[in-house]
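**Q** Below is the structure I would like to discuss, written out as structure tokens.
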Amino acid sequence: MQGVGFRPFVFRLATQLGLAGFVKNTARGLTIEVEGPASTTQLFLRRLQEEKPPLSLIRSIQTASLDPAGFTSFQIESSADEGEISAHVLPDVALCLECLKDIQNPADRRYRYPFTNCTHCGPRYSIIEALPYDRGHTTMKSFSMCGACRTEYEDPSNRRFHAQPNACPACGPQLELRDARGDFISMGDEALLKTAETLRAGRIVAMKGLGGVHLLVDARNQDAVIRLRERKGREEKPLALMCSSLEMAKELCEVSPLEGELLSSMAAPIVLLKRKGKAKIAEAVAPMNPRLGIMLAYTPLHALLLTELNFPVVATSGNRSDEPICIDNDETVERLRAVADVFLLHNRPIVRQVDDSVVRVVAGRGLVIRRSRGYAPSPIMVGAKNPPLLAVGGHMKNTVAVTVEDAVFLSQHIGDLDSKESVIAFERTGTSLMELYGIKPVTVVSDLHPDYFSTQFARRFPAPHVQVQHHHAHIVSCMAENGLDGEVLGVAWDGTGLGTDGTIWGGEFLLSSSESFKRVGHVRPFRLPGGDKAAQEPRRAAAGLLFEMLGENEFSKSDFFKKDRFSKPERDVIKNMLAKGLHSPFTSSMGRLFDAVASLIGVRQIAHYEGQAAMELEYAQEGHSTDKAYRFDVAEGVFNWELLIRGILDDVQAATPTGLISAKFHNTLVEVLVDMAKRVGVNRVVLSGGCFQNAILTERAVARLREEGFKPFWHEVIPPNDGGLALGQAVVASRQMATRQMAGQQRKGAI
Ligand code: ZN
Ligand code: ZN
Ligand code: FE
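In terms of our numbering, the sequence shown opens at residue -17 and continues consecutively.
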């Protein structure tokens, strides 16, 4: 791995052992030649692996004996741009403690300098244009180092030896503050102090950081947060917070040791935490939500600003709703002038947008829900060497992936491919991954859904096109992350994905391998009046479910329409659609079953963001711990929810607390899962799909499966939602190609 202080480590080790030779970066990785007695070179090889720097990861070591070249000393040689590119790009790394000390020390030449970094921290993926990772290949190339920086950069004993973005106030990037017209206000530390003043006054700041622009506002100021929501066009979706320290986060939320580690990790993601009752945070930050998403200041710029403020700020992606974040200065002012009052920008260009990652703790470990800064583009090693291919992911929460030999590089979070901006970011991300790793895909892989933008892109792409079923891709993404091969029972529960029979799937039991699957079970299908519109309206899923259960006559007369879920005209439209089967596709979606239950028990009728109803159902049951479940019925692989729904309706009649109903509902689903696992009789059970972002569902499923002697697998660094699809697609297509190739060779052998 490059850029983690490996070469200075090699230098020190070789020098210490009295070995001569050299070390250099190449596109293939690191090349070391050492010359000396065999016993010492063996010792060198051993200590190389045992004492490697903390950020480094050795994928493989190949050694060869050469004739003595007569080296007299050990040198670090400059990089050679040659060979096949296979070194990895590191993710961006959060500010390290030593650099934090530097910027807080008045005697240090980097005192209050917001672009301080070293070999152990700072930007990587967001500034790299090409491999190998050298300054000339980053957006730091336009800054030429001053004498003092150059000396550090060239001194192997210095923490900043070959730190590619190395900079100081004399030679590096600078801050500048602009108003909403784009006119210059101030620069440097004055710009930072003015920004703090602006935030204290309750105004909105757009701030360019590491992988893009944040919108910032005082998180304690209700009016200011509401203003931000109005201008950004974001009604209820929770906003992330940034704190200056772990202590500040602990004042707002309960932070377990594991959550503390995640917050302070090198990735420094947003961690979903349980909010404390007394947390002084504006209600509008996360309306009616018992969780807060918090991250710690992760660059010197954020650290300086947050320390100056000493209160938490909302730090949300600098975009209008659901578009990719801004990265370019002029584009930022252009796109956000109606949202932000001032703009804190800087002149270090960002090559690609890298959003904040989101993590929550599930079943005793972290679960990445949005994989971006700090995680992407770390590879997922898949064991076999694969031909280069491009996987384009799904439609929502899109990511793309490329395979390079035995690694799959999954991109950072791109977003939903609904806007012009997201589509541009999608194409750019794919192209730049292919360029970085110098690959020309022999195959392009997409979802089955013909209407996804990503599928249409794949169709136009100049390479053979392979399609992978949505839920199979989910399961294989989880298998790949867990290093599983062979046959598993895949439980893929999510919103929607196109099935091989042309209907909408989403509550699936798939007997899967990495290359194929058989659908062995599913949720009993019901109609979704209005199709895609039903995803935003849990009440529609409920209507479809009841229609399926009761039939037309009983449904029309049912209590469902007595409550004011629908206006009179809406009611007629829905009834008519269902009766005639118009715009009402069948689905076996578990996500829609969650929606239907949320509507039936009065938790939510209309959702303002994806997954809101399911999230509210999950949170509703806090404090209602029970082992009770509803009755259910599984026959011939079909989970019939009728008994479950009747049980829930009885409980609603009996005025059972909503939280208790929700808990029993979750328990029932887990029992369905266990029942199905017993019927299928495969020991390894793989849980994937957006429903498994639900901590209670996942934790209970894991516990019950173990109790019954199964071996459950779930996600950790790959999102269970559609953000992980591209990985699954890449692996499925690779395995299918390998099998075809083998079959071809066998045929040839037979001839
Ligand atoms: Zn550092
Ligand atoms: Zn300098
Ligand atoms: Fe999905």
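Quick reminder that beta carbons are idealized off the backbone N, C-alpha and C, glycines included. Quick caveat, the model's predicted, so the values are computed rather than measured.
Considering only their Cβ atoms, is the gap separating Ala708 from Ala183 smaller than 8 Å?
**A** Against a cut-off of 8 Å, the Cβ pair of Ala708 and Ala183 comes out as no contact.
**Q** Is Ala173 helix, strand or coil when you go by DSSP?
**A** Correct three-state label for Ala173: helix.
**Q** For Cys81, name the three-state secondary structure that DSSP assigns.
**A** Cys81 falls in the helix class under three-state DSSP.
**Q** Using a 10 Å radius around the Cβ and a threshold of 16 neighbouring Cβ atoms, would you call Arg441 buried or exposed?
**A** Result: exposed.
**Q** Taking the alpha helix (DSSP H) that Ser751 falls in, what are its first and last residues?
**A** Since the first and last residues shown for the chain are -17 and 733, residue 751 lies out of range.
**Q** Tyr612 to Arg352, Cα distance in whole Å?
**A** Cα to Cα, the separation comes out at about 33 Å.
**Q** In chain order, what are the residues with a CB under 7 Å from some non-hydrogen atom of ligand 2?
**A** Answer in sequence order: Met127, Cys128, Ala130, Cys131, Ala149, Cys150, Ala152, Cys153, Gly154.
**Q** Do Ile85 and Arg91 have their beta-carbon atoms positioned less than 8 Å apart in this structure?
**A** Cβ atoms of Arg91 and Ile85: not closer than 8 Å.
**Q** Tell whether a beta-carbon distance below 8 Å holds between Ser428 and His454.
**A** No.
**Q** Among residues of its own chain, excluding the 5 on either side of Asp161, which ones have a beta-carbon nearer than 7 Å to its beta-carbon?
**A** Contacts found: Ile167, Val324.
**Q** With 16 other CB atoms within 10 Å as the buried threshold, where does Arg28 fall?
**A** The residue in question, Arg28, is exposed, as its Cβ has fewer than 16 Cβ neighbours within 10 Å.
**Q** Indicate the three-state DSSP secondary structure (helix, strand or coil) for Val253 in the structure shown.
**A** Correct three-state label for Val253: strand.
**Q** Do you know how far the Cα of Trp623 is from the Cα of Arg273?
**A** About 30 Å.
**Q** Compute the distance between the beta-carbons of Ala445 and Val424, then report whether it is under 8 Å.
**A** Result yes, Cβ atoms of Ala445 and Val424 sit closer than 8 Å.
**Q** Hey, would you say the C-beta of Asp704 is under 7 Å away from at least one heavy atom of ligand 4?
**A** The model depicted lacks ligand 4 and carries ligand 1, ligand 2 and ligand 3 instead.
**Q** So, helix, strand or coil for His144, using DSSP?
**A** Coil, per DSSP.
**Q** If you follow the beta strand (DSSP E) that Gly365 is in, where does it begin and where does it stop?
**A** Per DSSP, Gly365 belongs to the beta strand (DSSP E) from 361 to 373.
**Q** Quick one: what's got a C-beta closer than 6 Å to Tyr591's C-beta in the same chain, skipping five residues either side?
**A** Counting only Cβ-Cβ distances below 6 Å, and skipping sequence neighbours, we find Lys219.
**Q** By the DSSP assignment, the alpha helix (DSSP H) with Thr478 in it spans what residues?
**A** First-last for Thr478: 470 to 480, but that is the beta strand (DSSP E), not the alpha helix (DSSP H).
**Q** Taking all protein chains shown into account, do 16 or more other C-beta atoms lie within 10 angstroms of the C-beta of Lys379, making it buried, or fewer, making it exposed?
**A** Buried, because 16 or more other Cβ atoms sit within 10 Å of the Cβ of Lys379.
**Q** Please output, in chain order, the residues near ligand 1 using a CB cut-off of less than 5 Å to any non-hydrogen atom of the ligand.
**A** Matched residues: Cys78, Cys81, Cys100, His102, Cys103.
**Q** Indicate the three-state DSSP secondary structure (helix, strand or coil) for Phe576 in the structure shown.
**A** Phe576: helix per DSSP, three-state reduction.
**Q** Residue range of the alpha helix (DSSP H) that Glu212 falls in?
**A** Per DSSP, Glu212 belongs to the alpha helix (DSSP H) from 204 to 214.
**Q** May I ask you to check if the CB of Asp476 is nearer than 7 Å to at least one heavy atom of ligand 3?
**A** Yes, Cβ of Asp476 sits closer than 7 Å to a heavy atom of ligand 3.
**Q** Measuring only the C-alpha atoms, how far is Arg586 from Arg521?
**A** About 8 Å.
**Q** Put Leu564 into one of helix, strand or coil per three-state DSSP.
**A** DSSP places Leu564 in coil when its eight states are reduced to three.
**Q** Report the CB separation of Leu197 from Ala188 in whole angstroms; it is logged as a contact under 8 Å.
**A** So it is a contact: roughly 6 Å between Cβ atoms.
**Q** Starting from the Cα of Ala407, find the closest Cα among Val374, Ala389, Lys422, Asp388 and give me that residue.
**A** That would be Val374, whose Cα lies nearest to the Cα of Ala407.
**Q** Give me, in chain order, the residues of the same chain whose beta-carbon lies closer than 7 Å to that of Glu497; leave out the 5 immediate sequence neighbours on both sides.
**A** So the list reads Val714, Arg717, Gln718, Thr721, once near-sequence residues are dropped.
**Q** Determine the DSSP secondary structure at Glu179, reduced to helix, strand or coil.
**A** Here Glu179 sits in helix by DSSP.
**Q** Return the first residue and the last residue of the beta strand (DSSP E) that His196 is part of.
**A** Element bounds for His196: 195 to 200.
**Q** Taking DSSP as the reference, what is the three-state secondary structure of Gly503?
**A** Of the three classes helix, strand and coil, the one that applies to Gly503 here is strand, per DSSP.
**Q** Taking its Cβ as the centre, do 16 or more other Cβ atoms sit within 10 Å of Lys646, making it buried, or is it exposed?
**A** Looking at its Cβ environment, which holds 16 or more other Cβ atoms inside 10 Å, Lys646 is buried.
**Q** Could you check if Arg688 is buried or exposed, using at least 16 other CB atoms within 10 Å of its CB as the buried criterion?
**A** Answer is exposed; the Cβ neighbour count stays below 16.
**Q** Please find out if some non-hydrogen atom of ligand 3 comes closer than 7 Å to the beta-carbon of His456.
**A** Result yes, Cβ under 7 Å from ligand 3.
**Q** How far does the beta strand (DSSP E) with His328 in it reach, from first residue to last?
**A** Residues 324 to 328.
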